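What follows is a short report on a single structure.
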Amino acid sequence: MYPIKQVFVFLKYGDYQCAEDQWTLMENRNAFSRILFRPRILIDVSKIDMTTTVLGFKISMPIMVAPTAMQKMAHPDGEYATARASAAAGTIMTLSSWATSSVEEVASTGPGVRFFQLYVYKDRSVVTQLVKRAEKAGFKAIVLTVDTPRLGRRESDIKNRFVLPQNLSLKNFDGLNLGKLDKTDDSGLASYVAGQVDRSLSWKDVKWLKSITPLPILVKGVLTAEDARIAVQSGVAGIIVSNHGARQLDYVPATITALEEVVEATQRRVPVFLDGGVRRGTDVFKALALGASGVFIGRPVIFSLAVDGEAGVRKTLQMLHDELELTMALSGCCSLAEITRNHIVAPWDPLR
Ligand code: FNR
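So that you can map any letter, position 112 of the sequence shown is 112 in full-length UniProt numbering, and since no number is skipped, the others follow by simple counting.
Structure below.
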């Protein structure tokens, strides 16, 4: 465990690693607070079932772990701790391409359903090798991040001249000589992205990715109905409505605000998930009421990892589980299928 002072520094910078004015960072939270409940009463809620199925995998609750890079900066056990905590909670962990533990290392922690998040490098042989390794290590889906042709302007990273500490590397890329970030006058990560990540990535590359792997592909970073329709046509297995935790383009809407148009555009042909600002069971309920099949959490995992490693992440997942269960009980819903649009009222709804 890190000394508490260091945890505070981490919490501070954790939130400052966002794009520009951080308007979207605030909005990801504020937008949830503008959605209110329309609870139903006198319904037998003595038994509540929160289980669900994602891409055919049964999980304990509709709350999963988003990919966040470099978790060993938060705690020495890093991704190992997150993998064990997610498996213990019966839910899915998504491992970042830029993890400080490799796909093989994370797989070695034991059973658990895991997805692999992919950044597409200019050198496609690097991508192919990585996807094959993820498959071999038992990862069940590829989460293709599509909102990062360049890194957003994260001003604290620039001020701090962010690089990885000496003892850490982007473990998936170690053998490819791409595991280190060089020190620059700017953010080391922004320079790394500019050098390695393929800015020309387009919808045709989704087809290419499908041609190199049998794994289902989720696109992460969709915010509009237009792109949701193209995603469905491209044959993706699902969509994650995400603004990258407000770290890419500032002044995009909160994800909870963009969710409904994306869900409607897919005409329920693929599942739609959401991440961004989910901090409470009530937030999860609101996302489900607006049509999400589940949510992912990013910062709550990193922060709890920093405080207490695996035990911290377990606690966070348990707290969210319990809060969602309580929200369902107090809204009169015994199963996720019983959560409907009528259980909430959003600011954009017509006056009743
Ligand atoms: C991220 N996120 C992210 N996304 C991704 O596709 N690959 C990555 O490597 C990372 N790394 C990363 C690091 C840190 C420190 C943060 C805060 C976020 C974005 C992440 O997957 C997710 O979209 C957001 O974190 C969700 O928002 P909340 O839950 O953090 O508000």
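Even glycine gets a Cβ: it sits at the ideal position worked out from N, Cα and C.
Quantities reported herein were computed from a predicted structural model and do not represent experimental measurements.
Listed in chain order, the non-local C-beta contacts of R280 below 7 Å within the same chain comprise E323, local neighbours out to five positions each way being set aside. Here K220 is bridged, per DSSP, to T145, I240. Taking 8 Å as the cut-off, the beta carbon of A329 is found closer than this to the beta carbon of I48. Look at the segment 156-235 and you find these whole runs of alpha helix (DSSP H), each 4 residues long or longer: 188-196, 203-212, 225-233. Of the candidates R199, L290, I35, S304, R199 places its Cα closest to the Cα of V146. A straight line joining the alpha-carbon of L215 with that of T52 spans about 20 Å. For the set L351, D275, V143, the Cα lying nearest the Cα of F116 is the one of V143. Taking the CA atoms as reference points, T340 sits about 27 Å from R299. For the ligand FNR, a non-hydrogen atom lies closer than 7 Å to the CB of K220.
Separation of M93 and V113 (C-alpha to C-alpha, rounded to the nearest whole angstrom) is 7 Å. In the three-state reduction of the DSSP assignment, M93 falls in the strand class. Looking at the DSSP output, Y121 shares a beta bridge with V197. Segment contact: the segment 157-164 against the segment 202-220, fewer than three CB-CB distances shorter than 8 Å; contact not assigned.
If you look at D322, you'll find it in the alpha helix (DSSP H) that goes 299-331. For A225, same chain residues with a beta-carbon under 8 Å away, outside a window of 5 residues either side, are E261, V262, E264, A265 in chain order. The continuous beta strand (DSSP E) containing M64 extends over residues 63-65. Within the model, the alpha-carbon separation for K204 versus A231 is close to 11 Å. One Cα belongs to V236, the other to L55, and the distance between them is close to 11 Å. Straight-line spacing of the CA atoms in L290 and L259 works out to 7 Å. Bounds of the alpha helix (DSSP H) holding L25 are 23-33. In the DSSP annotation of this structure, D275 is not part of any alpha helix (DSSP H); the continuous beta strand (DSSP E) holding it starts and ends at 272-275. One alpha carbon belongs to K183, the other to S156, and they sit about 15 Å apart.
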